[in-house]
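Reading through the C-alpha cells given below for one structure.
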Amino acid sequence: MGQSFRLAIKSILSSKMRSFLTMLGIIIGVASVIILVSLMQGMTNYISDSFSDLGTDQISVSVTNTSTRSIDVDDMYAILEENSDLFTTMSPTVTVTGQLKNGSETSSTSTIRGVGEDYMSIGAYSLSSGRFIQYSDIVSRQKVCVIGSYLAQYLYFGEDPIGQTLKINGEAYTIVGVLEEKADSEEGSSDDCVFLPYSSATKLTRSADISSYTFVIRDLDTMDSCKSFLENELFQVFRDEDLYDVTSLSEMLEMVESMTGTMTLLLVGIAAISLLVAGIGIMNIMLVSVTERTREIGIRKSLGAKQRTILQQFVIEAGVTSAMGGVIGIILGCILTISVGGLIGLDATPSLNWIVISFGISAGIGIIFGYMPARRAAKLNPIDALRSE
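Given below as C-alpha cells:
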C-alpha cells in the first residue's frame with residue numbers, strides 16, 4: 001500500500017501540468033460547493049437574526065373590514081385584556097407612505113408607521129433620548145413622533161432633534177424621542193424610521209380603518225394554540241377566512257429556512273455537475289496513463305506482480321490525484337468564502353461538515369472513475385504488454 005502511494009505521488013509529480021489540469025475540475029467543483037453552501041448558510045443566519053430581532057414570539061394579524069363585518073382597535077384590545085394568560089401585549093400598526101422633510105433636507109426611503117404605546121417593547125427598541133409614544137398621545141391624536149438614529153443624523157446633522165419639527169407629508173410633527181442605533185444608522189435600515197400615534201397615522205392615510213395588529217404571546221410553546229385562538233375569534237366576526245390572515249413570525253422563519261435549504265441543495269447539485277465532469281476527466285487521463293505505461297505494467301507482471309497489486313496502484317493514483325484536487329479546492333473555497341462574504345456584508349463561515357463531505361466526495365470520485373482504467377491495466381496480458389512500443 002505504501003509503495004503504491006509513493007508511485008502515485010511520483011507519477012503525479014512527473015507530469016505536473018497534466019496532473020493540475022486533471023485536478024482542475026475537482027478544484028472548481030469542491031470550491032464551488034463550499035462557497036455556495038457557506039454563503040447560503042450565512043444568508044440563512046442573517047435572515048434568522050433579522051426575525052429574532054423582530055421577535056419570534058409575535059403573531060401578525062391582518063384584517064379586511066367590510067361595511068357589514070368589521071373589527072376595530074377597541075375590539076382587539078378587548079381580546080388582549082380578556083386573554084392575558086395567552087398574550088402579553090398588542091399594538092395596532094398603520095403604514096404611512098410619503099416624504100419626510102426638515103428645512104431643505106428630505107427623505108423618501110424611511111419607514112413611517114403609526115403604532116401603539118407598547119410598540120417599543122414589541123420591536124425591541126431602546127431610546128437614546130426623549131420618550132416613546134404614550135397613551136395620552138393616542139387618545140388626543142397628538143402630532144408627535146419618534147425617529148431613528150439615521151434621521152437624527154441625516155435631517156438634523158447630529159444636533160439634538162428633541163422638540164424640533166419634522167414634516168410628514170407636509171404636516172408638522174414634534175419630535176419627542178430618538179431611538180438607539182440598531183443598524184449602523186444606514187439609509188433604508190431599521191434606523192431609518194419614524195413612529196407616531198396610530199390615531200394620528202390614520203389621519204395621514206385618510207382612512208379610519210386599521211387593518212394590521214401585532215400580538216406578543218406569553219409562552220413560545222403555546223404559539224400554535226394562540227394562533228388558532230385568534231383565527232377562531234376573527235372567524236366569529238367575519239365568517240369568511242378570506243377577510244383575515246393570522247401569521248406567526250416563527251412560522252414565517254421556518255418557511256424561509258425551508259426555502260433557503262432547498263436553494264442550497266439546488267446550488268450544490270449544480271456545482272456537483274463539475275465534479276462529475278472532473279471524474280470523467282480523471283478516467284480519461286488514467287486511460288491515457290495506462291496506455292503510456294503498458295510496457296511498465298508488462299514488466300511488473302512478468303516479475304510476479306499480481307492483478308490486485310496493479311489494480312491497487314492505479315486506483316490509488318486516481319484517488320490521490322482527486323484528493324489533492326479536493327484539498328486545493330477546500331483551501332480555495334474557504335479563502336473565497338470569507339472574501340466574498342465580506343464584500344457582500346455576510347458573516348459567511350466555511351462549514352466543517354461540508355468540508356469533510358467535499359473531501360470525501362473528491363476522493364471517492366477519483367476511486368470510482370479510476371477503477372475502470374485500473375481494471376484494464378490489471379487485466380493486461382504481460383506478453384502483449386511487453387511487446388508494446
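Residue numbering for the sequence shown follows full-length UniProt numbering, beginning at 1 and increasing consecutively. Where is the CB? At the ideal position from N, CA and C, for every residue including glycine.
Kindly list the residues whose CB is nearer than 8 angstroms to the CB of residue i, restricted to its own chain and excluding five residues on each side of it in sequence; keep chain order.
i	result
residue 393	For residue 393 there is no data in the structure shown, the boundaries of the chain being 1 and 389.
residue 363	319, 322, 323, 326
residue 229	83, 86
Once you ignore the five residues that flank residue i on each side, which residues in its own chain have a CB closer than 7 angstroms to its CB?
i	result
residue 321	12, 19, 22, 23, 282, 366
residue 205	94, 96
residue 330	30, 34, 355, 358, 359
residue 346	39, 42, 43, 46
residue 375	311
Pull up the distance between the alpha-carbon of residue i and that of residue j, whole angstroms please.
i	j	result
residue 135	residue 119	11 angstroms
residue 71	residue 211	9 angstroms
residue 27	residue 232	56 angstroms
residue 253	residue 17	49 angstroms
residue 225	residue 81	17 angstroms
residue 275	residue 47	30 angstroms
residue 219	residue 60	16 angstroms
residue 369	residue 328	19 angstroms
residue 168	residue 121	24 angstroms
residue 241	residue 112	29 angstroms
residue 155	residue 140	27 angstroms
Quick one: what does DSSP say residue i is sitting in, helix, strand or coil?
i	result
residue 430	Beyond the ends of the chain as shown, which are 1 and 389, falls residue 430; an answer cannot be given.
residue 21	helix
residue 350	coil
residue 15	coil
residue 245	strand
residue 239	coil
residue 306	coil
residue 56	coil
Counting only the same chain and skipping the five closest in sequence on each side, list residues whose C-beta sits under 6 angstroms from that of residue i.
i	result
residue 244	63, 234, 238
residue 128	178, 180
Minimum length 4: unbroken alpha helix (DSSP H) runs contained in the segment 58-107: 73-82
Given 8 angstroms, three or more beta-carbon pairs between the segment 238-252 and the segment 270-287: no
Inter-stretch contact (C-beta, 8 angstroms, three-pair minimum) for the segment 74-88 and the segment 100-113: Too few Cβ pairs lie closer than 8 angstroms, so no.
Length-filtered (3 minimum) beta strand (DSSP E) runs lying within the segment 109-153: 111-115, 127-130, 144-147
The segment 189-209 contacting the segment 165-177, beta-carbon criterion three pairs below 8 angstroms: yes
The segment 175-184 contacting the segment 39-47, beta-carbon criterion three pairs below 8 angstroms: no
Alpha helix (DSSP H) runs wholly inside the segment 146-223, at least 4 long, in chain order: 149-154, 198-205
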